[in-house]
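Read through the structure below, which is laid out as C-alpha cells, and then see the notes.
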Amino acid sequence: MRKLLLLFPAILMTLSAWAQIQVTVTIDSGNSTTTCTDIFGAADPAWSVNIENQGEVFYPETGNCYTALPNLQYTADYGCVADIPASVEVCFNAFENDNLIFELGAGCDVTKSCSQTICNNFLIPPIGSNSVQTLALPNNLSSGGEVNFTISTTSLIPPTGNDILCSAVDLGMLNFSETLGDATQGLYSNLCATNTNEPQPIDDGYFFNDAGVWFSFTTGPNPSGELFINTLSDPENTGYVIDLQVAVYTSQTGDCTGVLDLVTALSVNNSNDAWVSIICPLPNTTYFIMVDGAAPTFPMGIFGLEVIDIGVTEGGDFRCEFEDLGAVPEGGSVETPNWVSNFCATDTDDPYVQAFVSQHSVWFSFIAPPSGHVLIEGITDRLVDSIGIQLALYRSFNNLCNGPFGHVMSQYDIDDLDQSMIATCLYPGRPYWILVDGTGFNAKGIFKIRVTDNGDITPKLTIDTTICAGAQIHVGPNFYSMSGSYADTLQVFAGCDSIVFTNLTVLEPLSLIIDQTPAIGMTATGMATATATGGNGNYTYAWCNGETGQTATALVGGDNCCVTITDGIGCEIVECFDVEFLTGIIPVFENDSLNCFGESSGIIRFSTYNGVPPYAFSWVQSSTGLAGSGVIGTEGEETAIENLPGGDVEITISDTFFDTTFMANVYEPAELQLVTESIQNASCYGFCDGSIDITSSGGTGNRTYLWSNGMITEDLSGLCAGNYTLTITDVNGCQSVSPFDIIEPLEFIATGNPIQEVSCFQGADGQAGVLLQNGTAASYHWVNGEITPEISNLSVGFYDVTVTNTDGCEAYTSVQITQPSAPLLVGIDVLNEVSCFGESDGALQADVSGPWTTLTYTWSSGAQTAVAANLGAGNYNLMIINEKGCIANADYVLTQPSQLLANVSAKDITCLDPPNGGEIRVDTVFGGMPGYLFSVDGENFSSFQTFSGLTEGAYEVVVQDAAGCEVLLNITVNGPPELFVDLGEDFEISLGETIELAALSNSNTLEFTWNHSDTVKVGDIVVSPLVSSLYHVAVFDTLTKCSAEDAVFIWVNKNRNIYIPNAFSPNNDGVNDDFGIYGGVGVQAIKSFRIFSRAGDMFFERTHFAPNDPGNRWDGKFQGQPLNAGVYVFMAEIEFVDGITEVFKGDVILLK
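Below you can see the structure in the form of C-alpha cells.
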C-alpha cells in the first residue's frame, strides 16, 4: 500500500504537466453606446471584457490603441475532463472614455464615465464543440451595448472515455485471419484514467493496475488457436510515452457486469511496447483488454492497439477429427494446404506412442501410395510461433478412425524443431493416421505436414492375357472377369510382398444373326445364312444337318435347327431356330363405317400373307352395282377400295398356287330426326319464362344439342320472346337444324304520381300515388310496406312501388317527394375572446341562415338575445325556433389562453460572495402569450430573466406575458450557513496501533485537505503514527464556498509489548508444546532468535520472520532429537515499527 501511495503523487504530477483539453474564449464582435457627452467633442463610446477576473481587455481597436477583433482573449488548459469547470464567467463593461490624453491622441489611457457592467456565467460546451454567446446590457442605462463571443473546448490529445469496464472501446468482431485496429496509429491514451472498482493483475502475480483503460472484442465462430494483442507506445512520436502493461479477461456473464477471469497478462519486458497472446480462444466470446502504464517510469501516455487473428486452423484433437490429406500420388506428395496449430489440443484417448509421451496431439490422415513407401515431414513455423515437432504413425485394423489402432513408428529428435521419418511396407490404398505433438518449451505452435511418395521398392510380375466373355482369371485371392489392368500384392507379411500386374482383355460376347429363305412346304428346300460378331474372329460353323459353311442350303421346312459358331480361341455360341416354309393365302382386312346417313366415303383396307406374290384381286358391291380389280405386289402390302356407300363388298384374291374369297362391310347409321313435344310462350312482357320441349332420334352414338342462345340441353326453359334455332349433332358430326318462335303480351306500365310535396325542410307530410297502362291492378307494394294505391305522411325522398296486375305481371316505378330548398340553420361567431386564463369577459353572437320571419333565442348561459356576453371559457349551446316551429341548434367551445406558468431558482449567498451576492433566475416560462417581461419589485419590468446584486431575504417575482397576464412567484435568497468541522479530543495510542480519524461536519458537500503525507483527501482516514503527531484537516464546502479547520494531537506510547514465556513442555499434549516470541502491533519483525545451552552451545536459530509465527518456534529438539529437561538461554533481536531494534535475552526451562 505504501508503494501505491507514493506512486500516486507522481502520477498526478505527470498529469499536471499534460494538457489534454483546452478551453478558449474568442471575442468575435461587440458595440457600445453612451448617453454621456464630452466637452471636447463627440462622445467616445468604448467597451471592455473581463473573463474569469483575468483583467479587462479594451475594445474596439482605435488607431494604435486597444484590441482588434476577433481576439482570442482567454485560454485555459486542463489535464482531465473532471477538471473542467461547468462554466466560465464573462463580464461586459460599456463606458464613455473621458481620458484627455486619449482624446488628444497622445496615449491609450482609459478614464471611464457612465460605466455600466453586466456579468454572467456561461456553460462550457462539450469537448470538440463550440458555443456562440451574446452578453448585453439592459436598455435605458447610461451606457449600453453587447459583446458576441465563442467558447470552444478542444481535445489536444486522444481523450480517455474508456476508463471503466462498461465504457470499453468495442473493437468489433474478430473473424478468422482478420486484424482489428492499427497499432501504428496513436488513437488511445490512459491520461486521467483511474483504477476504481477494477481488477488488479497483481493478484495473479503480474502488475499493479494504476490507470487502466478498457477495450473489448468478440471472437467469431471459428477463431484461430492463437490471437495476438499488440500495443505500441506513442507510435506517432507525440512525446507522450507510456511503458505499456496489458491484461486480458473474460466475463462469467459475457458482458461488463459479470465476474472477470484473468486469461493472460504481460507487465515486464525490455521495451515500452507490449504484446500478449491468447491461446485457444473461445468462439463467439467477448474478451476485455486492460491497458495500463508501468509506474514510476511512464505510467500514462498515448498508444496504439491492434488484435490479430493469426489465420491458422487448429488440427483435430481427436482421431476422428483428423485432417484428410488424401491419397499420396505416385511420385508426388500431399500436404496441409495451410499452416496448422495445436494450441487447443489435449491427449484425450491418444494411443500408445513409443518415442515420446503425447500431450497436445492433433491428427492427420493419408492414403498410402502404390509404393507403400513414404517420407513424412513435420515443418515448424519459424516466424510466428514455433513448435518442437514429434511424429507418430498408426494404422487402423478396420480402416476406420474409431477402429483399433496399431503403432507403426514414431520419431522425436530433441536437437531439431523439424522432424521427418520414412515409413515402408505400407498397404497401398489404405488409410494411415499421423499424430503430431510438441515438446518442452515448444509444446504448442504452428506447423505443416507433408507426405511424399518415396518410390517403389516392391518386386513386380506382369501378365498379359485374353479370355472369352463370361470367363474369369484367378490371381492370388482375386478373380477378374472384366478387361483392365490389375495389381495384386501377394502378401507374405505387412505390405512388402511382390506385386503381380495383370493386363486382362475380355473379348466382346459372341452374337449371331440368321437370315432364312423359306422351304416350299415341309421339304428340304430351306436356306439359312449365319452372320457372327464378337470374339476374336476366325469363325467356324457347324449346322444341324452337318453342313460347315456360313450358309446352309438343304434345311427341312418346319424342323428346329441349331448352328454352333466357334472363334479363334475357342469361344463359341449356339443358336437354334425353326426353319420357315410357305403355306396358302391368308387375307387380312378392315371393315369401315360411314359417319352420317347417305354418305359415300367408306374405305375397305386389306392385305395378304403366305402364298406366293404377286397376288390378283377383284371386288363387287351387289347393293349398289359397284365393282373393280387390281394387283398386290408383295406379301403384307396394304390395298384400299375407297368412296364406297353403305353395304357388303365381296373380295377375291389369288396367286400362282392358291385363291380365297371373303366378305367386307361398310356400315351406314340411321337418319337424325326431331319431334316437337310442346312450346310455352312468355307469361308477361319482358319475362323470360318460355320453354321448348323436343324429342330426337337417329344418328350415331350420343347426340349433342346447340341452341342459337348457346344452350346445349335437349329442351329449353326460361326463354324470353324471340326466335330460337336448334342444331342436333351426333358423335360423327352429322347435324339436323330446326327453328322455333316464343311470343309475349303487351307491357304492363306503372307511372309514379307525386300528389303532395313536403311542407317544410325535412318534414313528413308528403303524399304519392300511381298511374297504370295495359292492365288492371290486383295489388300494390310500396317500399315503406304500404299496400294502398296512395300513401301519405312522407318525408323527402324517393318511394319505390311494385304493382301486380290480374295476369300476375308486375310493374315498377318510383315517386320523388321534394321539400323546401334550404333548412333553418344557426352558427355561433366570437365577438370577444377570453382575455386571460380564468377571466369571464368573452362574448358570442348567433349567425342564422335559412327561411324565417321571426325567431326566439335560447342560450345555455341563460341569454335570450342574439348576443351572449360575460362568458368564461367553456362549452356553450344555442337553440333557435322560427315562426313555423322549425328548430336549429349550435354548439361552441370558448377557449382561453393557456395558463401562464414559470419556474424560478435562487443562487444563495456563499462565503465568497459580498452581502448582495444573491441571484434569482427565472429558469423556464411557458403558457400565456410569448413576449415575457420580468420584475422582482412589481414595478420595473425587463426581458432579463436573471436578477443579480440581491441581499438575503424573501422576494416576489412577477412574470408578465405579451397580453398583460401575470403570475407571482415567491422565493428566498439564503445567506451563507455556518460551517464547522470536528476531529474530537486529543488521545493516546500504543506503538504500531492503527486508528481511524473521522472529520465530522454539518455539510455533505466538502473537500478535505489533511496535512499529513500519508493521507488522502477523504473525510475518514486511517493512520498509524510512529511518533506523536498533530493531524490537521481543512474543509472547503463546494456548495457554500465556506471553509473550516480543526486539529487533533495523537500521543504515541512506545512501550515495547513483547511476551516471552519462561518455561514450556514439548510433550505433545497441546499445551505449551513449543517456545517462541509473542509481540504486539508495534513489532515489525524478529531479526534473529537463538537458543543456547548454559555452556554456550547453540541448539536453535531462526532469522527474519514475523512475530507470533508458529513455524519459527523451538520444539525442544536439536537435529531432530529431543533435548533433556533443564534451563536453556535464549537471545532475540526484535525490530519495532519505529525502526528501533532491541535485544531480549533470558532463561527458559524445558520441562518433561
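Here the sequence shown stands for residues 7 to 1158, where the numbers follow the working numbering. Backbone N, C-alpha and C define an ideal beta-carbon position, used for all residues, glycine too. Since this is a predicted model, take the numbers as computed values, not measurements.
Check, Outcome
"Is it buried or exposed, glutamine 79, if we count other Cβ atoms within 10 angstroms and call 16 or more buried?", "buried"
"Measuring straight from C-alpha to C-alpha, what distance separates phenylalanine 403 and arginine 436?", "10 Å"
"Check this for me: beta carbons of cysteine 71 and cysteine 114, under 8 Å apart or not?", "yes"
"Are the segment 1113-1133 and the segment 1038-1049 touching, with three or more C-beta to C-beta distances below 8 Å?", "no"
"On the CB-based measure, 16 or more other CB atoms within 10 Å of its CB, does proline 434 come out buried or exposed?", "buried"
"Could you tell me the alpha carbon to alpha carbon distance between serine 948 and valine 979, rounded to whole angstroms?", "20 Å"
"In whole angstroms, give me the CA-to-CA distance for glutamine 686 and tyrosine 673.", "40 Å"
"Of the choices Thr554, Ile33, Ser195, whose alpha-carbon is the least far from that of threonine 81?", "Ile33"
"Determine the DSSP secondary structure at leucine 406, reduced to helix, strand or coil.", "coil"
"Name the two residues that bound the continuous beta strand (DSSP E) containing tryptophan 53.", "51-57"
"Just reading off the beta strand (DSSP E) that leucine 1157 is part of, what are its end residues?", "Per DSSP, leucine 1157 belongs to no beta strand (DSSP E) and is neither H nor E."
"Spatial neighbours of proline 982 within its chain, please: C-beta separation below 7 Å, excluding the five flanking residues on both sides.", "Ile915, Thr916, Cys917, Thr1046, Cys1048"
"Could you pull out every unbroken beta strand (DSSP E) segment of at least 3 residues lying fully inside the segment 75-122, listed in chain order?", "77-84, 93-103"
"If I measure Cβ to Cβ from threonine 537 and keep anything under 6 Å in the same chain, skipping five residues before and after, which residues do I get?", "Ile519"
"On the three-state DSSP scale, how would you describe cysteine 431?", "coil"
"Mapping DSSP to helix, strand and coil, what is arginine 1062?", "coil"
"Could you pull the start and end residues of the beta strand (DSSP E) that lysine 466 belongs to?", "466-473"
"Between asparagine 448 and the rest of its own chain, which residues show a CB-CB distance below 7 Å, the 5 nearest in sequence each way excluded?", "Ser392, Ile393, Gly394, Leu423"
"What is the residue span of the beta strand (DSSP E) that glutamate 414 lies within?", "A small fix is needed here, since residue 414 is valine in this sequence, not glutamate. Looking at the DSSP string, the run of the beta strand (DSSP E) that includes valine 414 is 411-417."
"Between the alpha carbons of proline 227 and leucine 288, how many angstroms are there, rounded?", "9 Å"
"Less than 6 Å between C-beta atoms, sequence neighbours within five positions excluded: which residues of the same chain meet that for alanine 1050?", "Leu985, Phe986, Val987, Val1041"
"Out of Ser714, Gly724, Val807, state which residue places its alpha-carbon closest to the alpha-carbon of proline 760.", "Val807"
"Have a look at aspartate 315 and leucine 162 and give me their C-alpha separation to the nearest angstrom.", "33 Å"
"Can you give me the Cβ contacts of valine 1149 inside the same chain, cut-off strictly under 8 Å, excluding the 5 residues immediately before and after it?", "Met1137, Ala1138, Glu1139, Ile1140"
"Taking 6 Å as the limit between beta carbons, can you name the residues of its chain near leucine 650, skipping five residues before and five after?", "Gly608, Val672"
"Out of Glu67, Met179, Ile887, which one is the CA nearest neighbour of serine 855?", "Ile887"
"Are histidine 413 and glutamine 360 close, meaning C-beta to C-beta below 8 Å?", "yes"
"Using the Cβ count rule (16 or more neighbours within 10 Å means buried), how would you classify cysteine 582?", "exposed"
"Alpha carbon to alpha carbon, what distance is there between tryptophan 865 and alanine 896?", "10 Å"
"From this set, Ile995, Asp521, Gly527, which residue's C-alpha is nearest methionine 533's C-alpha?", "Asp521"
"Between cysteine 474 and aspartate 573, what straight-line distance do the alpha-carbon atoms span, to the nearest angstrom?", "10 Å"
"Kindly indicate which three-state DSSP category cysteine 582 falls into: helix, strand or coil?", "strand"
"Does DSSP classify aspartate 210 as helix, strand or coil?", "helix"
"Helix, strand or coil for glutamate 327 per DSSP?", "helix"
"Is it the case that the Cβ atoms of valine 380 and aspartate 459 are separated by a distance below 8 Å?", "yes"
"Quick one: residues in its chain with C-beta nearer than 6 Å to the C-beta of valine 873, no 5 flanking neighbours on either side, listed in chain order?", "Gln851"
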